[in-house]
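Visitor: First residue of the sequence shown: 190, per our numbering; consecutive thereafter.
By construction, the Cβ of each residue, glycine as well, lies at the ideal position given by its N, Cα and C atoms.
The structure under discussion is supplied below as structure tokens; questions concerning it will follow.
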Amino acid sequence: VSNLETQSPGNFLFSPVATIASMNIGLLLRDDVFVDFFNTFLNLPVFGQTPIYISSTGQWDLWPQLPSHLDPSPPALLAWLEKHRLPHFCKSSLCLHLVLCQKLLGFIRSGEAAELLNWRSADQWLLEKCISGSQGMRHFRAFIQGTAGEELTDFWLTTERLLGLDESDTSQRDFYLSLIHRLKATHLREGSSVTTLCTTIAGSLPKARHIQSMSNRRDILSKMQEQALFMIQSYWLPKFFTHCKTRIKGEESCQPLLQEYQERLLQANCQEPSGLSETLPTMHIKRSQGLTGPYCSQKAKAKLWALLKKGRRIQEMRMPSFQVKLERQPGPAGSTRESNLDKDALGSVPQQSEHPANTSFGGKGVVSSPRRPRPSAGQVTRLEYLCKEKILSNLPSSALPVQLPSLKKPVKTLSFLPWALRAETCAGRPFRDFLKRQDRSMETHLLDLWHDLQEFLPVVLDSSRENSFFLRHLTADKICKNYLEEDSIEKLPLETRTLTSLWNHLIYGEFSPWIFRAQKEICKVLCCFYEEFLADDDRTFLQFMSPGSGAMPKVQGHTAGRGECFLLSQRINQTLELSQTLHGTSNLEGVSSEYWQLLAARDLQKGGSIQAEVKPLLCST
């Protein structure tokens, strides 16, 4: 995986993502960087079974655990992962960040970088330590936030996804064209950092919105992507390295890391890191012990969700008063409309809400990037609560439906479904694939609407985002066209007033509290199908782990204790927060001193990004 390259630019068959999808899972797991990203993906709470792999010991920890009388074999687990997890990973934004991370690491380790930037082997070692894994990429993206480097990185990731699609495949054509429209509306518009960098070839980019002459478009985009990557590698990586060295020198918790770096500087021929585990311990699955109960991921998730809600009440940070402008930014047309929402005008923020946070519970207050101030993820989250609870309740009676259906029924799955759907956004959309296989076209359409509304929220709630004006109108127009026009609206089993209110705001690219109402109504429809999805995931997993059993075995699984459940809830919640940040559905926040403590403790062979997040939290608790 470390040496993945596009063998033929513009040919989706040889893209790095396609190469990963075709590789043996056992070979992939020899790469510590792949393991880190894959663990992050596996622990997203949309799935039933959420395992984690510790490569230093070769141990798989399963959750929910299997009954103690079973003796599951690692080959069976690998076969299940290769068939039922790896394909979704290759569709996820985490996989795109893995590919970008590998390309950056390949440059760091190269003789070209050593010659061009005068890097020694110790420099390469330290920079690799800082940027490896999903946490490393989040740190890098937080550093370039608000700069031209952010736009170049976003362009590279979007183009990588586009070039990996087969536009001749009718099932992929709409997605391909939507990415083309997104590129034209943002990175390929006049004055963008991408077009400025790639002036020599951007002018010849085809303007046709149809399927013809795609080979020329692919070649041009591939060349532009190469230029963007070279600028990221040769300019932004060295700046990031200087930033890391400066911060490490000032952090007491990083002194052992600094000392090791200085020792390596004294060594003339220090061996460069390969990123691959040369000798692997025997792979095994941790045996469960203790009391047993029914193996059911749905009930296990309900238990974790209850812990997360309780943890939020305990750990929720105290936010200062803040003001966020929800505005129609000045665009090519000129005029603006804006409305201000602040804490004092709308009353106190409610302490609890049925609506899960956009990122995760227990977020940490950190300083935002000085380059371009933007609200923190916690502030945007609190604004979502504020908008849903206060604005909706304060609407005039004429704006409310005559009878709002009660959505507060004691259905455990319904309570954590929005949490799971946020994870699905980052996980390659496995629930959507399940609905498609079940021929549930209407439910698939509803799920797409939920995700499009979720994609709209960050760009409309944070006007400081890169290209937020263009993205909010592009996304709002897409929602209106695909779901809210007269020929489409009749097919949706949602309240008419909800859909009408969405149209009245989204047609102007404006925020509306009815977004949350629509999402709740969608969740009510999808709830039973998500339960079927989890049951199917359980059944498939048990069939792999209990070969020859035929029908789904009625086995008793290990019931985790309270302390174990707390660690699981924190691990999974941190995974969701990290994945949403990389995916773009949660705000990137600046790097606090706590991050550097995590960097000093992080070991890709011992759980990497998500394990390092949990340990300091457990100590403070």
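Comparing alpha-carbon positions, which option in 289, 792, 657 and 619 lies nearest residue 722?
Guide: By 1-based counting over the sequence shown, the position of residue 722 is 533. It is 619.
Visitor: Return the CA-CA distance between residue 720 and residue 487, expressed in angstroms with no decimal places.
Guide: Taking the first residue of the sequence shown as 1, we reach residue 720 at position 531. Taking the first residue of the sequence shown as 1, we reach residue 487 at position 298. Their Cα atoms are separated by approximately 7 Å.
Visitor: For residue 725, which residues in the same chain have their Cβ closer than 8 Å to its Cβ, ignoring the five residues on either side in sequence?
Guide: Along the sequence shown, read from residue 1 onward, the residue named residue 725 stands at position 536. Closer than 8 Å at Cβ, skipping near neighbours: 623.
Visitor: Excluding the 5 residues flanking residue 524 on each side, which residues of the same chain have their C-beta closer than 7 Å to its C-beta?
Guide: Counting from 1 along the sequence shown, the entry for residue 524 is found at position 335. For residue 524, the predicted structure reports a pLDDT of 39, less than 50, and the residue's modelled location is therefore unreliable. A value from the coordinates is still provided. None.
Visitor: I'd like to know if the segment 324-340 and the segment 251-269 are in contact, where contact means that at least 3 CB-CB pairs between them fall below 8 Å.
Guide: With a cut-off of 8 Å, the segment 251-269 and the segment 324-340 do not count as touching, because too few Cβ pairs lie within range.
Visitor: Would you say residue 646 and residue 668 are within 9 Å of each other, going by their C-beta atoms?
Guide: The count along the sequence shown starts at 1 and reaches residue 646 at position 457. The count along the sequence shown starts at 1 and reaches residue 668 at position 479. No. Outside cutoff.
Visitor: Can you tell me whether residue 220 is helix, strand or coil according to DSSP?
Guide: The residue you call residue 220 lines up with position 31 of the sequence shown. Residue state, collapsed to three classes: strand.
Visitor: Tell me whether residue 365 sits in a helix, a strand or coil according to DSSP, three-state version.
Guide: One-based indexing of the sequence shown puts residue 365 at position 176. Correct three-state label for residue 365: helix.
Visitor: DSSP three-state call for residue 627: helix, strand or coil?
Guide: Within the sequence shown, the letter at position 438 stands for residue 627. Residue state, collapsed to three classes: coil.
Visitor: Below 7 Å CB to CB, which residues in the same chain sit around residue 241 once its five sequence neighbours on both sides are set aside?
Guide: If you number the sequence shown from 1, residue 241 lands on position 52. Same-chain partners within the cutoff: 228, 231, 232, 250 and 796.
Visitor: Output the residue ranges of the alpha helix (DSSP H) runs that lie fully inside the segment 402-431 and measure 4 residues or longer, sorted by chain position.
Guide: The qualifying runs are 403-420.
Visitor: DSSP three-state call for residue 792: helix, strand or coil?
Guide: Position 603 of the sequence shown, counted from the start, is the residue given in the question as residue 792. Looking at residue 792 - three-state DSSP - the assignment turns out to be coil, as it is neither helix nor strand.
Visitor: Thinking residue 494 and residue 421 are a contact (beta carbons under 8 Å), I'd like their distance in whole angstroms, please.
Guide: Within the sequence shown, numbered from 1, the residue matching residue 494 stands at position 305. Within the sequence shown, numbered from 1, the residue matching residue 421 stands at position 232. Contact flag wrong, Cβ pair sits at about 39 Å.
Visitor: Could you check where the beta strand (DSSP E) with residue 696 kicks off and where it finishes?
Guide: Numbered from 1 along the sequence shown, position 507 holds the residue referred to as residue 696. It is not in any beta strand (DSSP E) - residue 696 carries neither H nor E in the DSSP assignment.
Visitor: Which residues bound the alpha helix (DSSP H) around residue 450?
Guide: Numbered from 1 along the sequence shown, position 261 holds the residue referred to as residue 450. Its alpha helix (DSSP H) spans residues 444-455.
Visitor: In its own chain, which residues sit with a C-beta less than 6 Å from the C-beta of residue 703, not counting the 5 before and 5 after it?
Guide: Position 514 of the sequence shown, counted from the start, is the residue given in the question as residue 703. Excluding residues within five positions, the ones whose Cβ falls inside 6 Å are 687, 690 and 691.
Visitor: DSSP three-state call for residue 784: helix, strand or coil?
Guide: Here residue 784 is taken as the residue at index 595 of the sequence shown, counted from 1. Helix at residue 784.
Visitor: Can you find at least 3 beta carbon pairs, one from the segment 658-675 and one from the segment 693-707, that sit closer than 8 Å?
Guide: Here the segment 658-675 lies against the segment 693-707, with 3 or more beta-carbon pairs under 8 Å apart.
Visitor: Assign residue 419 to buried or exposed, taking buried as 16 or more other Cβ atoms, counted over all protein chains shown, within 10 Å of its Cβ.
Guide: Taking the sequence shown and counting its residues from 1, the one referred to as residue 419 is at position 230. Exposed, because fewer than 16 other Cβ atoms sit within 10 Å of the Cβ of residue 419.
Visitor: Would DSSP call residue 312 helix, strand or coil?
Guide: On the sequence shown, position 123 is the one that residue 312 refers to. Looking at residue 312 - three-state DSSP - the assignment turns out to be helix.
Visitor: Verify whether the separation of the beta carbon atoms of residue 329 and residue 616 is less than 9 Å.
Guide: What you label residue 329 is simply residue 140 of the sequence shown in a count that begins at 1. What you label residue 616 is simply residue 427 of the sequence shown in a count that begins at 1. Cβ distance not < 9 Å, so residue 329 and residue 616 don't count as in contact.
Visitor: Residue 685: buried (16+ other C-beta within 10 angstroms of its C-beta) or exposed?
Guide: Start at 1 with the first residue of the sequence shown, and residue 685 comes out as number 496. Exposed is the call here.
Visitor: Residues in its own chain within less than 6 Å of residue 591 by CB, not counting five upstream and five downstream?
Guide: What you label residue 591 is simply residue 402 of the sequence shown in a count that begins at 1. Low confidence applies to residue 591: its pLDDT is 31, below 50, so where it sits in the model is not reliable enough to give any reading.
Visitor: Taking DSSP as the reference, what is the three-state secondary structure of residue 250?
Guide: Walking along the sequence shown from the start, residue 250 turns up at place 61. Residue 250 falls in the strand class under three-state DSSP.
Visitor: Look at residue 601 and residue 489 and say whether their C-beta atoms are less than 9 Å apart.
Guide: Within the sequence shown, residue 601 is the residue found at index 412, counting from 1. Within the sequence shown, residue 489 is the residue found at index 300, counting from 1. Going by beta carbons, residue 601 and residue 489 fall outside the 9 Å limit.
Visitor: Given this structure, state the Cα-to-Cα distance separating residue 331 from residue 424, to the nearest angstrom.
Guide: Walking along the sequence shown from the start, residue 331 turns up at place 142. Walking along the sequence shown from the start, residue 424 turns up at place 235. So the alpha carbons of these two residues sit roughly 16 Å apart.
Visitor: Cα-Cα, which of 642, 711 and 649 is closest to residue 606?
Guide: Position 417 of the sequence shown, counted from the first residue, corresponds to residue 606. Taking only the C-alpha atoms, the option nearest residue 606 is 711.
Visitor: One question on the structure: do residue 316 and residue 433 come within less than 9 Å of each other, judged by their Cβ atoms?
Guide: Against the sequence shown, residue 316 aligns to sequence position 127. Against the sequence shown, residue 433 aligns to sequence position 244. The Cβ atoms of residue 316 and residue 433 sit closer than 9 Å to each other.
Visitor: If you draw a straight line from the alpha carbon of residue 785 to that of residue 675, how long is it in whole angstroms?
Guide: On the sequence shown, residue 785 is found 596 positions in, with the first residue counted as 1. On the sequence shown, residue 675 is found 486 positions in, with the first residue counted as 1. So the alpha carbons of these two residues sit roughly 53 Å apart.
Visitor: Does the Cβ-Cβ distance between residue 206 and residue 349 come in under 9 Å?
Guide: Counting from 1 along the sequence shown, the entry for residue 206 is found at position 17. Counting from 1 along the sequence shown, the entry for residue 349 is found at position 160. Yes; because the gap between Cβ atoms is below 9 Å, this pair is in contact.
Visitor: How is residue 470 classed by DSSP in three states: helix, strand or coil?
Guide: As a first step, residue 470 is located in the sequence shown; it is residue number 281 there, counting from the start. Note: residue 470 maps to coil in three-state DSSP.
Visitor: Tell me the start and end of each unbroken alpha helix (DSSP H) in the segment 255-305 that is at least 4 residues and wholly inside, in chain order.
Guide: 263-273, 275-278 and 282-297
Visitor: Taking only the alpha-carbon atoms, compute the straight-line gap between residue 777 and residue 369 and give it to the nearest angstrom.
Guide: On the sequence shown, position 588 is the one that residue 777 refers to. On the sequence shown, position 180 is the one that residue 369 refers to. Rounded to whole angstroms, the gap between the alpha carbons of residue 777 and residue 369 is 25 Å.
Visitor: Between which two residues does the beta strand (DSSP E) carrying residue 241 extend?
Guide: In the sequence shown, counting from the first residue as 1, residue 241 sits at position 52. Per DSSP, residue 241 belongs to the beta strand (DSSP E) from 241-243.
Visitor: In whole angstroms, what separates the C-alpha of residue 323 from that of residue 283?
Guide: Counting from 1 along the sequence shown, the entry for residue 323 is found at position 134. Counting from 1 along the sequence shown, the entry for residue 283 is found at position 94. In a straight line, the C-alpha of residue 323 is about 8 Å away from that of residue 283.
Visitor: At least one CB of chain D closer than 9 Å to the CB of residue 665: is that the case?
Guide: Here there is only one protein chain, and chain D is not present.
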